[in-house]
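Asks: First the structure, then my questions, so here it is.
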Amino acid sequence: DTFFSGTSQVDIIDSTMKVLDGNVYFSETSNVVIHSGSVYSVEGGQVFTEFSANLSITDSCFVIDQGTVTYSDTSRVDLISSCWNITGGDSIFEDSAAYSLTRDSLLYIQEGSFIASGQISITMDSSRVHIIGGDFRASGVSEIDIRADSSVEVEKGNAIFEGS
């Protein structure tokens, strides 16, 4: 297992970071910044981001090929001109986590799932969700704010919004 806690800072600049197996934990107020054409790839194992940890992705891409990434407590994910590709595996947001797509960002689901449950806040601004397989599911009291020419497109798979 690998742990980043306290005020840990991880910067990935014009590089690739891969999780192949095992568990990776980002917790407390740790901050992960991915930018300048970088790729963060989860090809197996599990990544947990919890408490008030943040992930910021700018001009880069996060790929979940296998395994699971979980965001909980008040953790936050911000995509700016970036992509979040789920080609297998799962992205899970729970508790009061927040997820935002801005400035032409893309959430692309080919297989696997994006699941938001609890008091999750999802914001899309000039961005889109494109589903060609798998699931995009928001339940409970999750809030989805779609604005400024954003869209949710479903070719195959499911976009399910339920609860209050």
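To convert, note that position 124 of the sequence shown is 128 in the working numbering; the numbers rise steadily by one, no gaps. Where a beta carbon is used, it is the ideal one built from N, C-alpha and C, also for glycine.
1. Who are K22's beta bridge partners in DSSP?
2. On the three-state DSSP scale, how would you describe T33?
3. Does DSSP put S117 in a helix, in a strand, or in coil?
4. For T11, is the classification buried or exposed, using 16 other Cβ atoms within 10 angstroms of its Cβ as the cut-off for buried?
5. Please classify S155: is it buried, with 16 or more other beta-carbons within 10 angstroms of its beta-carbon, or exposed?
6. Taking R151 as the reference, which of G144, S131 and I61 has the closest Cα?
7. Please classify E157: is it buried, with 16 or more other beta-carbons within 10 angstroms of its beta-carbon, or exposed?
8. Specify the secondary structure class of S155 as computed by DSSP and reduced to three states.
9. Suppose contacts are defined by Cβ-Cβ distances below 8 Å. Is I119 in contact with I90 by that definition?
10. Taking D5 as the reference, give the member of T78, Y44, G49 and D69 with the closest Cα.
11. Pull up the distance between the alpha-carbon of E47 and that of G116, whole angstroms please.
Replies: Reading from the atomic positions:
1. Answer is S45, bridged to K22.
2. If DSSP states are grouped into helix, strand and coil, T33 belongs with coil.
3. The answer is strand: DSSP assigns S117 an E or B state.
4. Counting Cβ neighbours within 10 Å, T11 comes out exposed, since fewer than 16 surround it.
5. When all chains shown are included, S155 counts as exposed.
6. Answer by Cα proximity: S131.
7. With fewer than 16 neighbouring CB atoms inside 10 Å of its own CB, E157 falls in the exposed class.
8. Strand.
9. Judged by beta-carbon spacing, I90 lies beyond the 8 Å limit of I119, meaning their Cβ atoms are not closer than that value.
10. When each option's Cα is compared against that of D5, the closest is G49.
11. Straight-line Cα distance between these residues: approximately 13 Å.
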